[in-house]
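Reviewing the structure listed below.
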Amino acid sequence: MPETSATPEPILRLVEALHRLPGIGPKSAQRLAYHLVRAAPHEAEGLARALLEARERIRYCSRCVNLTERDPCAICADPRRDQATICVVEQPLDVVAVERSGIYRGVYHVLHGILNPMEGIGPEHLHIDALVARVAAGDVREVIMATNPSLEGEATVMYVQRVVAPHGVRVTRLARGLPSGADLEYADTVTLARALEGRQEL
Amino acid sequence: MAGRPPRTIATEAIVLRRRPIGEADAVLTLLTLAEGRVDAVARGIRKPQAKLRGHLEPVTRSRLMLARGRSLDVVAQAETVDAYLSLKGDLDALAVALYCCELTELAAPAQTPQLELFHLLANLLSALDAGVRPASAARYFELHLLSAAGYELQVACCASCGSELAEAESLFSAAAGGILCPSCRAGATGRLLSVRAQKVLRYCGRSGLEEFCALRMPTETDAEVRAALGEAVRTALDAEPRAAKFLDQLGERP
Chain E
212 MPETSATPEP ILRLVEALHR LPGIGPKSAQ RLAYHLVRAA PHEAEGLARA
262 LLEARERIRY CSRCVNLTER DPCAICADPR RDQATICVVE QPLDVVAVER
312 SGIYRGVYHV LHGILNPMEG IGPEHLHIDA LVARVAAGDV REVIMATNPS
362 LEGEATVMYV QRVVAPHGVR VTRLARGLPS GADLEYADTV TLARALEGRQ
412 EL
Chain W
1286 MAGRPPRTIA TEAIVLRRRP IGEADAVLTL LTLAEGRVDA VARGIRKPQA
1336 KLRGHLEPVT RSRLMLARGR SLDVVAQAET VDAYLSLKGD LDALAVALYC
1386 CELTELAAPA QTPQLELFHL LANLLSALDA GVRPASAARY FELHLLSAAG
1436 YELQVACCAS CGSELAEAES LFSAAAGGIL CPSCRAGATG RLLSVRAQKV
1486 LRYCGRSGLE EFCALRMPTE TDAEVRAALG EAVRTALDAE PRAAKFLDQL
1536 GERP
């Protein structure tokens, strides 16, 4: 291991830590580590401070389980939002995506994952019980399932529907079909079937 | 040039599993007609505009063109043969389909044609899609998967001495590979099976999938058969299927 012995111990530890991050391979980890130690001190210190601050100040919202600095989060605490409509998403980044659309005025519930029985991810690993508790507490009219249109997303939709429906709320899901710019010739059966089911009058 | 392997293969396959890798790629575990269980990379499949995306969802039967890669094959083309749409709209059927896909992945050796297993899984998915009782379909699949994988359970005669079984409660031993007669059961571990449960296992072995799924049995017999086959599968495959837990959780819900 000549390369390893030539690398100072603190850099090795940094490379190892960066390599543990999602999407960072060994080469990228090395590049990032060497960039950080060669960069101006304030750059690395700023990163370290931002990291610590985020870890210290960010927590889960006690209502929607989104990441927030204040509990309840800004969306849950906003009196202009419709508290009777809950949009259920897989990840905090999905909240950002739906907010970007600018048309949704309800609140959210973040599951922090998706059902994936083959990978051992069951309902107990998601925040489904917290959603059921919110619905059971009353005042919820509609639950909008905004999971990804994948097999696991569908399984999650059906499971949530099964546990939430007994409380008498309306459970809906986002429309599915052809994305803009798609080529009909290459569309798969499922997408085409869903697009036909969800057709709209002009 | 004569002995050079082909650079692409065209085959039908059932997508058993999809695991994300990198930014937008996925590694698929496929049960192919031509080569049995194969792992292949589907490039860019997680992008919303990916054309192959819908053809390569788990629990989908597709016609594929696989290009030989250095370590893993790469999916070059895909066209759906059966997407099993009704199955995917029923949570209980979908949970059984995922469980059976996982069992297939555990039982099928890599790069070895598994025709019997392929047709068994394809039949199961078609039957679930047609609306058979998911729990019975799972039991049928477990028993026949064991046969296809070379671990046929002895349920018609003693698994140890081959003698005929009397019509009485008997010991089912997963380690022994089936039901044991009173003289062979001394010292063996397992679970006692009622006469009715033994008959159900025998009927499961000789009937067709739809026929077996049409069979109505008391809840306690259902539980006995389920426990015995579950144990046999875990013992033969030496693994604890992860999807089994979700099936149990669905069963717990009213």
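In order, the protein sequence lines correspond to chains E and W.
All residue numbers for the first sequence refer to my numbering, where the first residue is 212 and numbers rise by one.
All residue numbers for the second sequence refer to my numbering, where the first residue is 1286 and numbers rise by one.
The beta-carbon is built from N, C-alpha and C at its ideal position, and this holds for glycine as well.
Please read these numbers as outputs of a predicted model, since none were measured by experiment.
Check your understanding: Smallest Cα separation from C272/E: which of A398/E, A393/E, V318/E and G236/E?
Key -> Stepping through the first sequence from its first residue, residue 272/E is reached at position 61. Checked all of A398/E, A393/E, V318/E and G236/E; the closest Cα to C272/E is V318/E.
With distances taken between CB atoms, is the gap from A1298/W to L1370/W smaller than 8 Å?
-> Reading the second sequence from its first residue, position 13 is the one you call residue 1298/W. Reading the second sequence from its first residue, position 85 is the one you call residue 1370/W. Cβ distance not < 8 Å, so A1298/W and L1370/W don't count as in contact.
- Task: Helix, strand or coil for R1527/W, going by three-state DSSP, please let me know.
- Result: Locating residue 1527/W in the second sequence gives position 242, counting from the first residue. Residue state, collapsed to three classes: coil.
- Query: How about P328/E and A1392/W: are their beta carbons less than 8 Å apart?
  - Reply: Here residue 328/E is taken as the residue at index 117 of the first sequence, counted from 1. Here residue 1392/W is taken as the residue at index 107 of the second sequence, counted from 1. No.
Using the Cα positions of A1407/W and G1321/W, report the straight-line distance between them to the nearest angstrom. Position 122 of the second sequence, counted from the start, is the residue given in the question as residue 1407/W. Position 36 of the second sequence, counted from the start, is the residue given in the question as residue 1321/W. Cα to Cα, A1407/W sits roughly 13 Å from G1321/W.
*V401/E at chain W interface by Cβ criterion, 8 Å*: Here residue 401/E corresponds to residue number 190 of the first sequence, with the count starting at 1. So yes, V401/E belongs to the interface.
Query raised in the report: Quick one: is V1360/W near chain E, going by C-beta distance under 8 Å?
Result: As a position in the second sequence, residue 1360/W is number 75, starting the count at 1. So no, V1360/W is outside the interface.
Start and end of the alpha helix (DSSP H) containing Y245/E? Residue mapping note: residue 245/E aligns to position 34 of the first sequence, counting from 1. Element bounds for Y245/E: P237 to R249.
### Query
At a CB-CB cut-off below 7 Å, which residues of chain E make contact with K1373/W?
On the second sequence, residue 1373/W is found 88 positions in, with the first residue counted as 1. Simply L362 and E365.
- Three-state secondary structure (DSSP) at T296/E? Translated into the one-based positions of the first sequence, residue 296/E becomes position 85. Three-state DSSP puts T296/E in a strand.
Query raised in the report: Hey, V321/E and N359/E: beta-carbon distance below 8 Å or not?
Result: As a working note, residue 321/E is residue 110 in the first sequence. As a working note, residue 359/E is residue 148 in the first sequence. No.
How many Å lie between M212/E and E280/E at the Cα? For the purposes of this step, residue 212/E is taken as the residue at position 1 of the first sequence. For the purposes of this step, residue 280/E is taken as the residue at position 69 of the first sequence. Residue confidence for M212/E is low, a pLDDT of 38 falling below 50, so the modelled location carries little weight; the figure read from the coordinates is stated next. Cα to Cα, M212/E sits roughly 45 Å from E280/E.
(message) Quick check: is the beta carbon of L1376/W nearer than 8 Å to any beta carbon in chain E?
(response) As a first step, residue 1376/W must be located in the second sequence, where it is residue number 91. Interface residue, yes.
- prompt: Which residues, taken in chain order from the segment 317 to 334 of chain E, show a beta carbon closer than 7 Å to some beta carbon of chain W?
  reply: Residues of the segment 317 to 334 of chain E with a Cβ closer than 7 Å to any Cβ of chain W, in chain order: P328, M329, E330, G331, G333 and P334.
- Query: In chain W, which residues lie with their C-beta within 7 Å of the C-beta of A404/E?
  - Reply: Working through the first sequence from its first residue, we reach residue 404/E at position 193. What A404/E touches in chain W: L1370.
Could you check where the alpha helix (DSSP H) with G1515/W kicks off and where it finishes?
-> As a first step, residue 1515/W must be located in the second sequence, where it is residue number 230. It spans T1504 to L1522 - the alpha helix (DSSP H) in which G1515/W sits, taken as one unbroken run.
Whose Cβ in chain E lies nearer than 8 Å to the Cβ of C1386/W?
The count along the second sequence starts at 1 and reaches residue 1386/W at position 101. Going along chain E in sequence order, the residues near C1386/W (Cβ under 8 Å) are M329.
- Message: Comparing C-alpha positions only, which one of P1398/W, L1428/W, E1495/W and G1493/W sits nearest to G1462/W?
- Response: Translated into the one-based positions of the second sequence, residue 1462/W becomes position 177. Answer by Cα proximity: L1428/W.
Worksheet entry | DSSP bridge partner residues for D1375/W (one or two, in chain order) | Here residue 1375/W refers to the residue found at position 90 of the second sequence. Answer by DSSP bridge pairing: none, since D1375/W is not bridged.
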